[in-house]
Structures are given as structure tokens and as C-alpha cells.
Amino acid sequence: MKRIISCLLLCVSLLNCGYSQTENKASNASPEDRYPIIPRPAKLEPRQSSFEVSRTTTVMAPFANAELKAIAENFVSQLNTAGGLGVTLRNTNKMALPGNLISFVPSTNSQLGEEGYRLDIQPNLVQVEAYKPKGFFYAVQSLYQLLPPEVFSPQRVTQTVTWSMPACRIEDQPRYVYRGLHLDVGRHMFPVAFIKKYIDLIALHKMNQFHWHLTEDQGWRIEIKKYPKLTQIGSMRNETLTGQYYDYDPQVYDKKPYGGFYTQDEVREVVRYAQSKYVNVIPEIELPGHSLAALKAYPEYGCSGGPYETATKWGIFEDIYCPYEKTFTFLEDILTEVMALFPSQYIHIGGDEAPKGSWRKSPFAQNLIQQLKIKDEHELQSYFITRFDKFITSKGRKMIGWDEILEGGLSPNATVMSWRGIKGGIEAARQNHDVVMTPGNFVYLDHYQADPAQEPIAIGGYTPLDETYSYEPTPTELNAQQAKYILGAQANVWTEYMRTSEYVEYMVWPRAAALAEVVWTPKDQKNWTDFSRRIQTHFARLKYLGVNYAPALYEVTATTKPLPNGQLEMALNTKVPVSEIRYTTDGSEPGPSSKKYEGVFMLDKTTVLRAIAIPEKQYPQQGHPYRKEFLVSKVTGKSYKLANQPTRYTGGGNNALTDGKVGYARDFNTMVGFKAQDFNAVFDLNQPTPISRVTVGIGKSTFDNMLLPKAVEVAVSDDGQNFRIVQTLPVDYKQRGQKSVVRLETRFTPVSARYVRITAQNPGKTPADFAKPNQDAWLLVDEVTIE
Ligand code: NAG
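In terms of mature numbering (1 follows the signal peptide of the UniProt record, and there is no 0), the sequence shown is residues -22 to -1, 1 to 765.
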């Protein structure tokens, strides 16, 4: 009956409409600019004209459905906040006011599923249809993204905005049921307000799972009433490693205690908040590894009995929970409290990176292996995990864990999160287990997204936006039946190096938006070029939402070509079309009035090049600054012969040492490496040339056994056969300190020579007092200059 009434009212309201629609100015814009929705809808039929939102717009929704009412209320409230539009909200059984109408119509068609929706946008009427409230919620996210980005402004915008939505028909539903984003609050902790904002963004991108990684070696972050010491003691660490793990030798700590945790009230608040955004929160309590903070608080659950220290640096730690009965009781008590706080079907128990050393040494664990008649510690891990699988299953929930839970046999009801590539996922699906894909190469958002030399510290790896976008969650190795076990994918955000909320946002956005499209949009609708346009409109939205997104998409990169005349020919490139690139060669910061890039240019001397791209879109945006030094000398572009062949590191080409490009301490890939061998190269300057100075760069990372040479020797020759030593520079190869590229310089009485031989003597073995003593030493050689 109600439906009939609402339909009648709808008709009436249509008659009452103002009709005076102006054609959307952008109606001839390309679809990706006219319909910049992320994730891209499954089906979108473009139409001419548009729907104007104004003070005569009514939003109608059936108030009898409280969830729907709330969704409509929030929508109207945001429109009115940002636009000051005075849009009216009315119950469906009321008469519509004169003007145009946005109508929420619950559908009886279950084909739309829990999350699907339909939008029919015409000049006077927007019909929003869904089978479930969640579908309406997602419909609204799309409506927002059809409006100008200003709609996301938290306060009324002052500039003139055309509040219109381009007409179209959308029918949309997700490709995968599991669309997740993770956050590690163990390494660094973030305020509840930030967690809520994080959830807002998950929801805006139509993702539905927030994986909250709550416990770590470096801190326990959730209040457990039965074991108060977990937070009283385990939430604190004495200090934190500074820099990247291998940045300093010896490592440097900040000497500042660090800690914090979420109370159960806060957890409940977050869970409630997430529910209002249709996001499920999956708690993770790590076991048996990554558990030092808990062991510090309750050492009796470790094999050695302690004492233990909450970790102050990153990595994997030997001490893990011991499989005592009392440990199971302890962890089950914790999980009981956790399950009371989190309604999530999935309960994550970690399972990754649990070294077996402490179990190997423990008479108890060894005895247990015998009693259980199992083979080894891996099967003991399987036993350990299976107990929790049973426990969690008995409470009507589902256990999920990292792919190590496959070790020693996968427990019967487990869902696997495949993070060490996709192998674990394939294996689990073949064993008929549900899988969530989170492979490092594509969706670890702690990786660099642009040139590491320009970026804040990241864990390593290189995963730019287009790489995340290219991810295809269903492995081709699986047949159709097995493929059904791939529930979806998730991006992981490990926060070792992300100390602040802004830092997290910088790493997460926009890469998580790319993942959102990977898991929502049908495979055949995915298109990088199209996405790379829409994401630029999206940047403007993120800006209004106060999100510190990374503009790495606008990264400028330089390619060089050494010319026969000794100059370096420089070309500047970007991944997406930009309106222009500006650059400087005097070290100053580039801006709109710097030199405009208009094609290749030459460098005839060593130069610091700085550049910035100015994006095409009119929204307030910054580019992504580029800065690099290029070395130009008499040897630039010249050939050389190596006496010893490089090991592993080839520098990426034949003239890696004379191409003008220098290496960077966090990326040695442009260097040429020699393991336990000397570097010995003869450079040909083509003709007798006056010289008096030679420099050679060495990549030093003593934790990685990359040392300085014992000595550098320079010799000259006119025939390439008979060499005369002009300088020998002894080097203190035992120096440790900061990871860096060290430029060793030799000066000598001017000579004229055609051939220059440079030898750098490998120290052979690492010294006895090093972190890894008596191992083969590496010599990493960077760009050479001869003047
Ligand atoms: C892995 C660890 C994680 C760490 C991260 C850094 C998993 C499942 N485990 O080594 O604790 O923070 O990578 O990328 O990712």
C-alpha cells in the first residue's frame, strides 16, 4: 500500500516540478570527467542534461525504515552544510513540495543484493533504488561523487558552485564481497577521531571491512578487563628506533617512552560508528608470534618465563607464546572479551612470522610435540592455531589468519589472508578455504609510491598507484570453482614508519582508492587511463575532507642521455598528462614562474635539477616535487671496462657509472655491486685529457655488509696497457654510522691521460666487531667523475 502511495506522490511531485533545467555545461565532457565516481560503477549509461540541486529540491525517503531515514538525513544535511542549499527532507507518505525530487525507493528486487543500487538521474527526478539500506548508503556515495567535489566541504563553501548532477542511469554492485583496509596501531597509535575518519573514507570508497591490528611486539592497544597489565604495562615501550631499520649502525633510538591504548568504551564507540557506515570491524589479536608486549606484561605465558621487553625496534622476535594450557586459557579469555566487543563474524588471530626457536628450546613444547604425536614445531603451530579455530567456531564466529596458518596443516574452518604473495591464497582456495588477498607487491601501502629519494621513509618496496590499480585478486591459476573462494582483497597499512595520522593518510590515499576500484568494479570496466582522470577530481574531494593524500601521481622523472660531446641530454616525464612542468637548475625551489619544460635540454656541468608538474585540473592541487643531482664531468657518457664482473647489482646498464645518475642511500639499484671482489675499471676518455681529480661514490650500509673500500687507487695510461699510479687513497673501511652514499675524492698533480684506471679494494670480510662479523663484504660503486 505504502508503495502505491509513494508512487502516486512521486507522480504528483513530477507534475509540480520547476522544469527550468539548464544543460550541464560539462555535458560534452568525457565520461570520466562527467561521472568521476570511484570505484567506477558496474554499469553507467550516460545521458544528456542534468539534475539541479537547489532550495526547491526535496529528498523523500520512507521514514518507517529508520536506517533509510538516517541515510537520507545525512545526505540532506551534508548538501545543506556544504552548499547552504536548503534542501528539504520529507517522508515518502507526504506530499512533495513544488520543485524537483530525489526519491529513495526500496526495491523488492533481491537481484540488487545487499550492496547493490540503482540510480536514475533525469532533469527533474532522481530515483534511488536498493534492496537493502547498505545499497542506499552506497547509492548516496555515488550521488556525492556526481556532485561537485565541494559537496564534501565540512562548512559552507564560499565560491560559486553549480550544484548539479549529470543525468545518467547507474546499476551497480560489487565484484567481491570482501573489500578491506587494515591499520596497524601496534607500532604507532592513532586517536579515535582519526580511526573514525579512516572508517569514513573506507565507506566513501564502498569498502566494507576495517581490519584493526590491535596487538604487536611494540605495544598492546586494547583494554582487556581480566588482564589489566596488558595495557598498564604492555601498552608502553621505552623508546623507538629512529630512521629506517638499517639507516644507522649502531641503531639510534629516540629515548622517549611511547604508548597508548583504546579503552573498551572507545572500542565500542568505534564499532558503533563503523556500523553506521556499513563497515565491519575485524579485530586482530596476534598469536603465537608478534606478542612481546603481552609477554612483558605476563611473562608466565612465554617458554623461558622472561623477563621480556616490549620491542623498541621492528622485525621478528624470537619470543612467542608457549603452548601451555594456561596460555590457551589466557588467550581464550582475551578473545572472549574481544568477541563481546566486536560483532564481526571474522576474528583475526594473526599467525604470521612466529619463529620456532623458543619452542625448540622448551622442554615443555618438545614434550607436547611427542604427546601429540606430531612431527615438529610447524605442526605444533598448526595445533596451536586449530585450537583457536575450534574455540572461535564454537562461539559462532569465523577465524581468519595470515597465510602462515597453512603451515603444518590448515585448520578446518579457517579463512586465509594471503600476504606473502598469492601462493598461500591459491593453496587455501584449492583446499576449499575462503581467502582474502593482500599480496605485498600490490597492496602493502607501507611501500614507497614514488622515488624514495623524495619520499618520507617507507619500509621499502615500490608500489606506485598504477601498480595497485593493476592488481587482479583472482589468480589465473584457479579454476572457476576454486575462484569462488576468493572473497576479495585488502590493503595493509603497517605503521613502523608512520608516526602521525597525516603520515598514514599520505601512504594510504590515493592508493586505497585504487584498491577500492579493484575490488568493486567488474574486471572489464577497469581502465587505468580513465581512473587516472577520475582520481584527479577525487583529489579535490580528499582535500575538502582534510585528507593528506599523496600527489605522487604527478611525480616528474628525468631520463638522461649522455651525448658524445660530454653533455647530458635531459628529458622530463610524468605518468599522467599535466598542463606543464617547471624546473630549475640552480638548486632553487621550482614554482609557476620557473623555467617551463618545452622538450629536452642539456646539462654541461654537475647540476641539481628540481622540477614540479602543474596538474591539468583546475582544483587546488599541488604537484610532487622532484629533486636530483646529476654529475657531469669529463667521463660522462664515456665507456669503461670492468676487470671483475658485478654480482647481482648491475646498475641497470653498460654505462651505469658514467650516465650522470647518482644512487641514493635507500635505493642501491643504480649502483654496481661486487661481492668479496675488488672494483677495477678502465675508463676511456677517447683522447689525452688533462685531469687532476677523480671521485667515486660508494654505497655504504654496514648492516647489509656493504662497506667502504680499503683503498682507492687511480692510475693513468696513454695506451691502455701500461699504467702509472697517480694517487692512492687509504680509506677507513671500518667506519659504520649512517647508511649513505659516500663520495670518495682523490686529487693529484695534473696529468694528461687518455685511460684512467680506478681500483677500489674490497675489504674482503666484515670486521669482527660488526653486526654480522666475518661475512663477505660488498662493494657498491656509484657514479664516477673525472676532471
Ligand atoms: C610483515 C609483517 C608485519 C610487518 C610488515 C611490514 C605481515 C602479515 N607481517 O613482515 O608485521 O609490519 O610485513 O611490511 O605483514
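Backbone N, C-alpha and C fix where the C-beta goes; we use that ideal spot for every residue, glycine too.
Per DSSP, the bridge partner or partners of residue i
{"i": "residue 250", "result": "Paired residue(s): none; residue 250 is not in a bridge."}
{"i": "residue 66", "result": "36"}
{"i": "residue 415", "result": "396, 467"}
{"i": "residue 652", "result": "757"}
{"i": "residue 23", "result": "147"}
{"i": "residue 457", "result": "Residue 457 pairs with nothing; no bridge assigned."}
{"i": "residue 538", "result": "548"}
{"i": "residue 639", "result": "608"}
{"i": "residue 194", "result": "197"}
Alpha-carbon to alpha-carbon, residue j and residue i
{"i": "residue 673", "j": "residue 16", "result": "50 Å"}
{"i": "residue 390", "j": "residue 376", "result": "11 Å"}
{"i": "residue 422", "j": "residue 259", "result": "19 Å"}
{"i": "residue 378", "j": "residue 414", "result": "9 Å"}
{"i": "residue 762", "j": "residue 662", "result": "13 Å"}
{"i": "residue 614", "j": "residue 452", "result": "47 Å"}
{"i": "residue 43", "j": "residue 404", "result": "42 Å"}
{"i": "residue 57", "j": "residue 64", "result": "8 Å"}
{"i": "residue 109", "j": "residue 514", "result": "32 Å"}
{"i": "residue 113", "j": "residue 145", "result": "20 Å"}
{"i": "residue 181", "j": "residue 257", "result": "7 Å"}
{"i": "residue 690", "j": "residue 576", "result": "42 Å"}
{"i": "residue 749", "j": "residue 247", "result": "46 Å"}
{"i": "residue -4", "j": "residue 78", "result": "Only weak support exists for where residue -4 lies, its pLDDT of 26 falling under 50; the value from the coordinates is given anyway. Taking the straight line joining both Cα atoms gives about 8 Å."}
{"i": "residue 262", "j": "residue 317", "result": "11 Å"}
{"i": "residue 684", "j": "residue 585", "result": "27 Å"}
{"i": "residue 339", "j": "residue 228", "result": "29 Å"}
{"i": "residue -15", "j": "residue 245", "result": "Bear in mind that the predicted position of residue -15 carries a pLDDT of just 36, short of 50, making it too unreliable to give a figure here."}
{"i": "residue 3", "j": "residue 518", "result": "In this prediction, residue 3 has a pLDDT of 39, which is less than 50 and means its spatial position is unreliable; what the coordinates show is noted afterwards. Whole-angstrom Cα-Cα distance: 19 Å."}
{"i": "residue 189", "j": "residue 160", "result": "4 Å"}
{"i": "residue 449", "j": "residue 493", "result": "8 Å"}
{"i": "residue 395", "j": "residue 625", "result": "35 Å"}
{"i": "residue 406", "j": "residue 124", "result": "40 Å"}
{"i": "residue 619", "j": "residue 736", "result": "11 Å"}
{"i": "residue 281", "j": "residue 357", "result": "17 Å"}
{"i": "residue 221", "j": "residue 279", "result": "32 Å"}
{"i": "residue 646", "j": "residue 628", "result": "10 Å"}
{"i": "residue 197", "j": "residue 578", "result": "52 Å"}
{"i": "residue 235", "j": "residue 288", "result": "11 Å"}
{"i": "residue -18", "j": "residue 72", "result": "Because the pLDDT of residue -18 is 36, which lies under 50, any placement of that residue in the model is unreliable, and the number read from its coordinates should be weighed accordingly. In a straight line, the C-alpha of residue -18 is about 9 Å away from that of residue 72."}
{"i": "residue 309", "j": "residue 370", "result": "11 Å"}
{"i": "residue 28", "j": "residue 359", "result": "60 Å"}
{"i": "residue 347", "j": "residue 302", "result": "12 Å"}
{"i": "residue 107", "j": "residue 173", "result": "30 Å"}
{"i": "residue 21", "j": "residue 89", "result": "15 Å"}
{"i": "residue 400", "j": "residue 425", "result": "17 Å"}
{"i": "residue 319", "j": "residue 306", "result": "20 Å"}
{"i": "residue 602", "j": "residue 566", "result": "15 Å"}
Distance between beta carbons of residue j and residue i, contact taken as under 8 Å
{"i": "residue 219", "j": "residue 292", "result": "7 Å"}
{"i": "residue 604", "j": "residue 534", "result": "4 Å"}
{"i": "residue 49", "j": "residue 96", "result": "Residue 49 to residue 96, Cβ: 15 Å. No contact."}
{"i": "residue 760", "j": "residue 654", "result": "Contact flag wrong, Cβ pair sits at about 19 Å."}
{"i": "residue 272", "j": "residue 298", "result": "So it is not a contact: roughly 10 Å between Cβ atoms."}
{"i": "residue 687", "j": "residue 643", "result": "17 Å between Cβ atoms; not a contact."}
{"i": "residue 201", "j": "residue 209", "result": "5 Å"}
{"i": "residue 274", "j": "residue 212", "result": "6 Å"}
{"i": "residue 487", "j": "residue 520", "result": "6 Å"}
{"i": "residue 491", "j": "residue 427", "result": "The pair is not a contact, with the Cβ atoms about 12 Å apart (cut-off 8 Å)."}
{"i": "residue 651", "j": "residue 719", "result": "Contact flag wrong, Cβ pair sits at about 13 Å."}
{"i": "residue 163", "j": "residue 199", "result": "5 Å"}
{"i": "residue 85", "j": "residue 104", "result": "Incorrect: roughly 15 Å between the Cβ atoms, too far for contact."}
Legend entry - Completely contained alpha helix (DSSP H) runs for the segment 295 to 357, where each covers 4 or more residues: 303 to 319, 335 to 339, 341 to 349
Inset, instruction - Please specify which runs of the beta strand (DSSP E), each continuous and at least 3 residues long, are wholly inside the segment 594 to 633, giving them in chain order. - result: 604 to 608, 618 to 620
Inset, instruction - Note down, one range per segment and in chain order, each beta strand (DSSP E) of at least 3 residues found wholly within the segment 668 to 747. - result: 689 to 695, 702 to 708, 718 to 738
Inset, instruction - May I have a chain-ordered list of the alpha helix (DSSP H) segments no shorter than 4 residues that lie completely inside the segment 207 to 277? - result: 207 to 210, 242 to 254, 270 to 275
Legend entry - alpha helix (DSSP H) runs contained entirely in the segment 549 to 578, provided each spans 4 or more residues: none
Inset, instruction - Only counting runs of 3 or more residues, tell me where the beta strand (DSSP E) segments fall wholly within the segment 118 to 191, in order along the chain. - result: 142 to 150, 156 to 162, 187 to 191
Inset, instruction - Any chance you could list the alpha helix (DSSP H) runs of at least 4 consecutive residues sitting entirely within the segment 482 to 530, in chain order? - result: 489 to 498, 506 to 522
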